[in-house]
Every structure is written in structure tokens, then in C-alpha cells.
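Undergrad: Please see the structure below; I have some questions.
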Amino acid sequence: MISCENKTILSWLEEMKKLLNPDEVLWIDGSDEQREALRRKACATGEMTMLDQEKLPGCYLHRTAVNDVARVEDRTFICTREKQDAGPTNNWCAPDEMYEKLYNIARGSYKGRVMYIIPYSMGPIGSPLSKIGIEVTDSIYVVLNMLIMTRVSPRVLEVLGESDDWVRGLHAKVNVDPENRFICQFPEDNTIISVNSAYGGNVLLGKKCFALRIASFQARKEGWMAEHMLIVGVKNPAGKIHYIAGAFPSACGKTNLAMLIPPEALAEKGYEVFTVGDDIAWMRIGEDGRLYAINPEYGFFGVAPGTNTKSNPNALASASKGSIFTNVAYNEKEGTVWWEGLTDEAPEELIDWKGNPWRREDYNSADKSTCAANPNSRFTAPVINCPSLSDEFENPKGVPISAIIFGGRRAKTAPLVYQGVDWAGGVFIGSTMASETTAAAAGAVGVTRRDPMAMLPFCGYNMGDYFAHWLEMGEKMGDKAPKIFNVNWFRKNEEGDFLWPGFGENLRVLNWIIGRCEGTVGAVESAIGYLPRVEDIDTDGLEVSREVMEDILSIDKQAWEKEIAEIEAHYEKFGDKLPELLRERLEILKKKVFEM
Ligand code: GTP
Ligand code: SPV
Ligand code: MN
Numbered sequence: 022m023i024s025c026e027n028k029t030i031l032s033w034l035e036e037m038k039k040l041l042n043p044d045e046v047l048w049i050d051g052s053d054e055q056r057e058a059l060r061r062k063a064c065a066t067g068e069m070t071m072l073d074q075e076k077l078p079g080c081y082l083h084r085t086a087v088n089d090v091a092r093v094e095d096r097t098f099i100c101t102r103e104k105q106d107a108g109p110t111n112n113w114c115a116p117d118e119m120y121e122k123l124y125n126i127a128r129g130s131y132k133g134r135v136m137y138i139i140p141y142s143m144g145p146i147g148s149p150l151s152k153i154g155i156e157v158t159d160s161i162y163v164v165l166n167m168l169i170m171t172r173v174s175p176r177v178l179e180v181l182g183e184s185d186d187w188v189r190g191l192h193a194k195v196n197v198d199p200e201n202r203f204i205c206q207f208p209e210d211n212t213i214i215s216v217n218s219a220y221g222g223n224v225l226l227g228k229k230c231f232a233l234r235i236a237s238f239q240a241r242k243e244g245w246m247a248e249h250m251l252i253v254g255v256k257n258p259a260g261k262i263h264y265i266a267g268a269f270p271s272a273c274g275k276t277n278l279a280m281l282i283p284p285e286a287l288a289e290k291g292y293e294v295f296t297v298g299d300d301i302a303w304m305r306i307g308e309d310g311r312l313y314a315i316n317p318e319y320g321f322f323g324v325a326p327g328t329n330t331k332s333n334p335n336a337l338a339s340a341s342k343g344s345i346f347t348n349v350a351y352n353e354k355e356g357t358v359w360w361e362g363l364t365d366e367a368p369e370e371l372i373d374w375k376g377n378p379w380r381r382e383d384y385n386s387a388d389k390s391t392c393a394a395n396p397n398s399r400f401t402a403p404v405i406n407c408p409s410l411s412d413e414f415e416n417p418k419g420v421p422i423s424a425i426i427f428g429g430r431r432a433k434t435a436p437l438v439y440q441g442v443d444w445a446g447g448v449f450i451g452s453t454m455a456s457e458t459t460a461a462a463a464g465a466v467g468v469t470r471r472d473p474m475a476m477l478p479f480c481g482y483n484m485g486d487y488f489a490h491w492l493e494m495g496e497k498m499g500d501k502a503p504k505i506f507n508v509n510w511f512r513k514n515e516e517g518d519f520l521w522p523g524f525g526e527n528l529r530v531l532n533w534i535i536g537r538c539e540g541t542v543g544a545v546e547s548a549i550g551y552l553p554r555v556e557d558i559d560t561d562g563l564e565v566s567r568e569v570m571e572d573i574l575s576i577d578k579q580a581w582e583k584e585i586a587e588i589e590a591h592y593e594k595f596g597d598k599l600p601e602l603l604r605e606r607l608e609i610l611k612k613k614v615f616e617m
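Under our numbering, the residue at position 292 of the sequence shown is numbered 313, and the numbers go up by one with no gaps.
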């Protein structure tokens, strides 16, 4: 049972009750009994399908509406009093206007439904790096996902006490109408309102809405960082563990890198990899002046397609119990799930992600619409299932970060890896990074766009100020600041094939990065930063020719001239908000590329 005495919570809940008009109100307490009851109810209504409980204990399948399968960036708003504070990269609306519009949409929409109240902590309950939220929702799917993705417990309320420092989150399914779908953040009020969706990042409000959009706003005010980053620990043969934080845009490999399995040749030398987080990092400067990171989440909301026993066995193991599968294909005969890439060959017959019968012979690899699973289908899996989970996962102080890496999907231009000459050089790299778009957001796939620090859809304030905040954090840390790198696993040859094998082999690149942090490995200075020579990378047992290695470690003058022109146009958007230092770094890059 939950007893809440916090007046700020009680009065907000009263307001929500009046607005939404539910038939019933239920506090979520995180208990196994309540979770079981909700699972049964969801199965009875058809909202969830129970999978074979011997093969996949505690696992369920869910299908969303066909028009509701990804984040909707054009319907996501940052509602600050001043438009300027949302900046040129966010949709903006005045708070009063947006509250009125959303309340009108949500009004009375819980009639005949239950209002679930979820008290949750982002980060270990009670840690000084953690934050608390309350989500109100009319979706059992949301409740069951939040129970995996966050720490839900009455203890959250005990820790909060009478404080008003918590994030209000209202989710209302309404009728899942895409025309009236809105995902809105009110960072000045610590409030999130999401209406007319029932999909992942749009409705699990602790994740992108709170832990990135609201938290990035808070972090700037309070002097810390909320980033779209994985956190991974790499133990080298000397026994030293270095933690690396990495920002790649959605569906660009964070989960895979966080759960990497060392290739045999490196495993034999003693390398080991530990997972701390796969999507979000909250980072603060510790007493020793170094940057410390926690993963505020408690689960993985991972991309299913492409996940298999070879590419990411740790993810598969994580999703083998107590997990929810969203928009994957259903193997009704077996009581299991399937997605493209899980096995070489699909089962003969499946139910596709839309709920229709699907036959292998009807599949056409050239036509994405014949896929059995949605390209953005996902698993929601408890972190504690992950075989590679770091012992430091629950450490309330977080882990010290040696290196930060940026990366994305670039068929050309970006080499496999390079290092920024200093912190500002690294911030320049992050602020100009680009990637080809993926199915994680609604809209065209494969279009190159600038996605600074992989935060374009997630920065809760003016991105020019965000760059300035990054520079300031570096100044505070001085020579204790992590080194900053850029990686690209996705370079292609003329035929369109990936040149780099990726996945486990990416450890070779992390190893060079660690070597750079320790000062034990070489590099050459180039126009864009420090580049490894082929011999600086451990290629023991790697089946990639020297020619290809040289190719992916090279940069092309013409491609970078084009890149510079695009960066100039990108920087234009920020006007006076662009830090002078970054403008200077662009001028230096221009001069160096010109001299190439
Ligand atoms: P979000 O959860 O959307 O933030 O995505 P993410 O960054 O965690 O991406 P994830 O690791 O789930 O990878 C997305 C897709 O990229 C999957 O289909 C992977 O199989 C593929 N992928 C990941 N790492 C590599 C790699 O090193 N090389 C190649 N070629 N593909 C990769
Ligand atoms: C992403 O799109 O970056 C995700 C999935 O991690 S979602 O939670 O839907 O945002
Ligand atoms: Mn993500």
C-alpha cells in the first residue's frame, strides 16, 4: 500500500482526477502481486499476449496502433515562456496556450478507465544524482514498461518527503489519434504532457521526456549533464577498468556497444566489457574533479531487428525473462517472438507486427513493408538480467568517465575513429556531428542530418546555450576532463557494403581510445584531429585487409570541403547563441582542410 502525504503531489493528483475523470484510481507500488494482476488484466483485454512461460518466463507481446510505432519529432514541443529559450532546433509553443490545448484534448478521457499513478526514481533511490517523477497514465502497457524501465517503489515517496522537486508526467491515450498527438515538455514547471500515443519514447515519460528533455534543462541550471549516452566499462589486460560514455543517435549502436562481447583474440589477452547503461547518462563532476556518470534507467528499451546470438547475445539474454516485446512478429505455434535478423531464416509462418498472418514466401527483402517485425520494434528488458552488467551499476556515485565518444551513421566522410585535439575540439565534433536517420523516429529513413551530441530530438533548451554549457563543463574539469573522440562503424564501399565488421570488433577502437587516455598509443595529427595509423590499432585475428583499414582511417579533402559548407549552414541557425570558441574552431578546420 502506498501512503502519500506530499501536498504538492496530492494537489496535482486532485487536479488530474478532476480533469481526466477516471472511474478508478490505483497507485502502483512495484509489488510482484500487483504486477501479476495487471499482466492478467492486460491479457484478458487483449492488450498483451502471454508468451510461452517455459521458453520466455514473464514475457509478453504487445502491438501498438499501426500509426503509432516511433517517436514523433514534429509533434514534440518545448514550452518555455520565451521562444528563444527553446531555441532553433525545437518546436515551441507558449505554455498557457499548450496547457489549454492539451487539457482540452485530455479532458474526461479517463472515463471508463483506470488512472494509474506511478511513483518512480530515475537513478538509485536516494542517490544524490537521482531524480523523482510521478507519471499518471491510463495504459497498463505504460505501467508494465515503467515497472521495468524505472525504479517504482513506495520508498520513492519516503525519500521525496515534502519536497516539490519532482517531475509531473501526464499521459493520456485518448483515442491514439495521430492528428491530435502531442509530446510536450514544460521545463520551467517540471511538467510533461503526452496525449494520443501509446508507444515507447512518447509515453514512458521517465525516459526521453524526463531523463533527457527536462533533465538537460535542470542540468544546465544545476551544473551537470544529461546526455543520450551509453556507459560501458572496458577492463584491459593490466586489470584497469576505463569507463567510456558514448552518444550515437537513435538506432545507431549504443545498446550494442554497451553490451559488446570481446573478439576471441582480445578476450584471450584479458579484455573484459561491463555494461552500465545503453541510452542515457547523467553526469556530474565528483570531488576529485573527474566526471562521474550514472545510468538513470532500470531497463533497456532496445531495438529488436538485427539482435541475435552473434551480434548481441547479452541483449538476447536480458530479454529472455520478465520482458515486453513491442511490435515484433509472433510465432503463435511456439509461443515465441521473431524479428528480422534474429535467425538467418524466418519461421515459415508468423503473425506479423500488425497482427496479420505472414508467410516466409511472401517476404521480399527489397520491400520493407513485407517485414514481419516493425523496423523500430523493441524489447523492454530488466537491466539486472544482463550477463555483462557492471558491479558499479547501483553505485550511487556513478563511474568515472575516461573518454566520451560521438558517432553516427556516415557512409562516407567520417573515418572509423579520430580524437579531438582538446575538450573544445571535442565539443566542436559533437556540435557538428551528423547521421543518417533511422526508423526510431517517424519520417524518412537514411537522410543525413546534423544531430549534435545525438541530442537534436532531446535537448530541452536552446542548443546554442547547450554548446556553451558543454564548454563550461570542460573549463571546470580542466585536465581532468574526459578525452573526446568520434567513431563511425558505418562507412561503406562503392557497392554499399559496410567496410568495418562492427559489433564485437569495435572493442579494437575502444582499445585505441583507452590507449590515448593512458598516453600509451600513437596517432598522427590531421586536419580534423588525431587519427590512428593502422599499426596503432590491435588487428590481431581481425579479418580486414590493410588496404581497407587504410581506407577507413583516411579522410578525403573534397568530402570535408562539402562537410564544412554544411557545418557553416548548420551553425548559422544558432545566430548569437553559437559560442565564439566553436566559430573559431570552424575557421581553424577550414584552413587545415584547405591546406590538405
Ligand atoms: P536507441 O535505442 O534508438 O537509442 O538505439 P541504439 O543507439 O541503442 O542502437 P542499437 O544498439 O539498438 O543498434 C541499432 C541497429 O544498429 C541494430 O539493428 C544493430 O544491429 C545495428 N548496429 C549496432 N552496432 C553496429 C555495428 O557496429 N555495425 C553495424 N553495421 N551495425 C550495427
Ligand atoms: C530512441 O529513439 O533514441 C530510443 C527509443 O531510445 S525511444 O524510447 O522510443 O525514444
Ligand atoms: Mn535512445
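Backbone N, C-alpha and C define an ideal beta-carbon position, used for all residues, glycine too.
#1: In chain order, which beta strand (DSSP E) runs of at least 3 residues are fully inside the stretch 327–408?
#2: Give every residue of the same chain whose Cβ lies closer than 6 Å to the Cβ of ASN514, excluding the five residues on either side of it in the sequence, and list them in chain order.
#3: What first and last residue would you give for the alpha helix (DSSP H) that runs through GLY227?
#4: Assign GLU118 to buried or exposed, taking buried as 16 or more other Cβ atoms, counted over all protein chains shown, within 10 Å of its Cβ.
#5: May I ask you to report which of helix, strand or coil DSSP gives ALA268?
#6: Could you name each continuous beta strand (DSSP E) segment of 3 residues or more that falls completely within the stretch 22–59, going from the start of the chain to the end?
#7: State the CB to CB distance for the pair TRP86 and ALA460, rounded to an integer number of angstroms; the pair is presumed to be in contact (CB under 8 Å).
#8: Would you check whether the ligand SPV has a heavy atom nearer than 8 Å to the C-beta of ASN88?
#9: Sort PRO403, VAL448, ALA127 by Cα distance to LEU165 and report the nearest one.
#10: Ignore the nearest five residues each way along the sequence and tell me which others in PHE207's own chain have a CB closer than 7 Å to its CB.
#11: Do PRO421 and ARG311 come within 9 Å of each other at the CB atom, strictly closer than that value?
#12: What separation, rounded to the nearest whole angstrom, lies between the Cα atoms of GLU289 and GLU355?
#13: Would you give the residue range spanned by the alpha helix (DSSP H) that LEU165 belongs to?
#14: Expressed to the nearest angstrom, what Euclidean distance is found between the alpha-carbon atoms of ALA502 and GLY244?
#15: Suppose you measure from the CA of ILE265 to the CA of VAL530; what does that come to, to the nearest Å?
#16: Do the CB positions of GLY447 and PHE427 come within less than 9 Å of each other?
#17: Please report the Cβ distance between THR97 and ILE204, rounded to the nearest whole angstrom; I am assuming they are in contact, meaning their Cβ atoms lie under 8 Å.
#18: Taking only three categories from DSSP, how would you classify MET280?
#19: Quick test of the definition: if touching needs 3 or more C-beta pairs under 8 Å, does the stretch 473–491 touch the stretch 587–602?
#20: Looking at the C-beta of ALA240, does it have a partner C-beta in chain B at a distance below 9 Å?
#21: Since I believe SER411 is in contact with ILE295 (beta carbons under 8 Å), could you give me their beta-carbon distance rounded to a whole number of angstroms?
#22: Mind the definition here: the stretch 318–330 touches the stretch 353–371 only if three or more C-beta pairs lie below 8 Å; say whether that holds.
#23: Going by DSSP, what residue range makes up the beta strand (DSSP E) through MET143?
#24: For TYR137, which residues from the same chain have a beta carbon less than 6 Å from its beta carbon, with the 5 sequence-adjacent residues on both sides left out?
#25: Under DSSP, the alpha helix (DSSP H) around CYS538 begins and ends at which residues?
#26: Hey, which residues come within less than 6 Å of the ligand SPV, measuring from Cβ to any heavy atom, in chain order?
#27: When you compare the stretch 384–398 with the stretch 314–328, are there three or more beta-carbon pairs, one atom per stretch, that lie closer than 8 Å?
#28: Considering only residues of the same chain and omitting the five flanking positions on each side of LEU552, which have a CB-CB separation below 7 Å?
#29: With respect to 8 Å, is the separation between the Cβ of PHE269 and the closest non-hydrogen atom of the ligand GTP below this value?
#30: Per the DSSP calculation, ASN507 is bridged to which residue(s)?
#31: To which residues of the same chain is GLU353 closer than 7 Å at the C-beta, ignoring the five residues directly before and after it?
#32: How about GLU68 and ILE161: are their beta carbons less than 9 Å apart?
#33: Classify ASN201 as helix, strand or coil using the three-state DSSP reduction.
#34: Are the CB atoms of CYS407 and SER339 nearer to each other than 9 Å?
#35: From MET280 to CYS273, what distance separates their C-alpha atoms?
#36: Taking the beta carbon of ILE139 as the centre, do at least 16 other beta carbons fall within 10 Å, making it buried, or is it exposed?
TA: The relevant details are as follows:
#1: Whole beta strand (DSSP E) segments, 3+ residues: 345–347, 350–352, 357–359, 370–372, 378–380, 399–403.
#2: By one-based count along the sequence shown, residue 514 stands at place 493. Once the five neighbours on either side are set aside, the close Cβ partners of ASN514 are LEU520.
#3: Position 206 of the sequence shown, counted from the start, is the residue given in the question as residue 227. It is not in any alpha helix (DSSP H) - GLY227 carries neither H nor E in the DSSP assignment.
#4: Sequence index remark: in the sequence shown, residue 118 carries index 97 (1-based). Counting the other CB atoms within 10 Å of its CB gives GLU118 a total below 16, which places it among the exposed residues.
#5: Here residue 268 refers to the residue found at position 247 of the sequence shown. The answer is strand: DSSP assigns ALA268 an E or B state.
#6: Correct list: 45–48.
#7: Taking the first residue of the sequence shown as 1, we reach residue 86 at position 65. Taking the first residue of the sequence shown as 1, we reach residue 460 at position 439. The question names Trp, but residue 86 is Ala in the sequence shown. ALA460 and ALA86 do not touch by the CB rule: their CB atoms are close to 16 Å apart, not below 8 Å.
#8: Taking the first residue of the sequence shown as position 1, residue 88 is located at position 67. Look at ASN88: its beta carbon is at least 8 Å from all of the heavy atoms in the ligand SPV.
#9: As a working mapping, residue 165 is identified with position 144 in the sequence shown. Comparing Cα-Cα distances from LEU165 to each of PRO403, VAL448, ALA127, the minimum goes to PRO403.
#10: To locate residue 207, count along the sequence shown from 1; it is residue 186. Answer for PHE207: CYS100, PRO116, listed in chain order.
#11: Position 290 of the sequence shown, counting from 1, holds the residue named residue 311. Position 400 of the sequence shown, counting from 1, holds the residue named residue 421. Against a cut-off of 9 Å, the Cβ pair of PRO421 and ARG311 comes out as a contact.
#12: On the sequence shown, position 268 is the one that residue 289 refers to. On the sequence shown, position 334 is the one that residue 355 refers to. The alpha-carbon atoms of GLU289 and GLU355 are separated by roughly 38 Å.
#13: Numbered from 1 along the sequence shown, position 144 holds the residue referred to as residue 165. Taken as a continuous stretch (DSSP letters only), the alpha helix (DSSP H) holding LEU165 covers 161–170.
#14: Numbered from 1 along the sequence shown, position 481 holds the residue referred to as residue 502. Numbered from 1 along the sequence shown, position 223 holds the residue referred to as residue 244. Per the coordinates, the alpha-carbon of ALA502 lies some 15 Å from the alpha-carbon of GLY244.
#15: Residue mapping note: residue 265 aligns to position 244 of the sequence shown, counting from 1. Residue mapping note: residue 530 aligns to position 509 of the sequence shown, counting from 1. Cα to Cα, the separation comes out at about 12 Å.
#16: Locating residue 447 in the sequence shown gives position 426, where the first residue counts as 1. Locating residue 427 in the sequence shown gives position 406, where the first residue counts as 1. Yes, these two residues count as a Cβ contact at 9 Å.
#17: Position 76 of the sequence shown holds residue 97. Position 183 of the sequence shown holds residue 204. Their Cβ separation, rounded to whole angstroms, is 4 Å, which keeps THR97 and ILE204 in contact under 8 Å.
#18: Translated into the one-based positions of the sequence shown, residue 280 becomes position 259. Three-state DSSP puts MET280 in coil, outside helix and strand.
#19: Contact holds between the stretch 473–491 and the stretch 587–602, because three or more Cβ pairs, one in each stretch, are under 8 Å apart.
#20: Looking for chain B here will not work: only one protein chain is present.
#21: Within the sequence shown, residue 295 is the residue found at index 274, counting from 1. Within the sequence shown, residue 411 is the residue found at index 390, counting from 1. Per the sequence presented here, residue 295 reads as Phe, with Ile not at that position. So it is a contact: roughly 4 Å between Cβ atoms.
#22: Because the criterion of three Cβ pairs below 8 Å is met, the stretch 318–330 and the stretch 353–371 touch.
#23: On the sequence shown, residue 143 is found 122 positions in, with the first residue counted as 1. Residues 135–143.
#24: Along the sequence shown, read from residue 1 onward, the residue named residue 137 stands at position 116. Once the five neighbours on either side are set aside, the close Cβ partners of TYR137 are LEU47, ILE49, THR158, VAL164.
#25: Walking along the sequence shown from the start, residue 538 turns up at place 517. For CYS538, the enclosing alpha helix (DSSP H) covers residues 528–539.
#26: With the criterion CB distance below 6 Å from any heavy atom of the ligand SPV, the matching residues run ARG92, GLY221, GLY222, LYS228, LYS229, SER271, ASP300, PHE322, ALA461 along the chain.
#27: Cβ pair count under 8 Å is three or more, so yes.
#28: Taking the first residue of the sequence shown as 1, we reach residue 552 at position 531. In the same chain as LEU552, and ignoring 5 residues on each side of it, the C-beta atoms closer than 7 Å to its own belong to PRO436, TYR439, ALA544, VAL545, LEU574, in chain order.
#29: For this step, residue 269 is matched to residue 248 along the sequence shown. With a cutoff of 8 Å, PHE269 counts as near the ligand GTP, since its C-beta is closer than that to a heavy atom of the ligand.
#30: For this step, residue 507 is matched to residue 486 along the sequence shown. ASN507 is bridged to PHE427, TYR439.
#31: Taking the sequence shown and counting its residues from 1, the one referred to as residue 353 is at position 332. The answer, listed in chain order, is ILE372.
#32: The residue you call residue 68 lines up with position 47 of the sequence shown. The residue you call residue 161 lines up with position 140 of the sequence shown. Contact flag set, yes.
#33: Here the question's residue 201 lines up with position 180 in the sequence shown. Here ASN201 sits in helix by DSSP.
#34: Locating residue 407 in the sequence shown gives position 386, counting from the first residue. Locating residue 339 in the sequence shown gives position 318, counting from the first residue. Result yes, Cβ atoms of CYS407 and SER339 sit closer than 9 Å.
#35: For the purposes of this step, residue 280 is identified with residue 259 of the sequence shown, where counting begins at 1. For the purposes of this step, residue 273 is identified with residue 252 of the sequence shown, where counting begins at 1. In a straight line, the C-alpha of MET280 is about 14 Å away from that of CYS273.
#36: If you number the sequence shown from 1, residue 139 lands on position 118. Buried, because 16 or more other Cβ atoms sit within 10 Å of the Cβ of ILE139.
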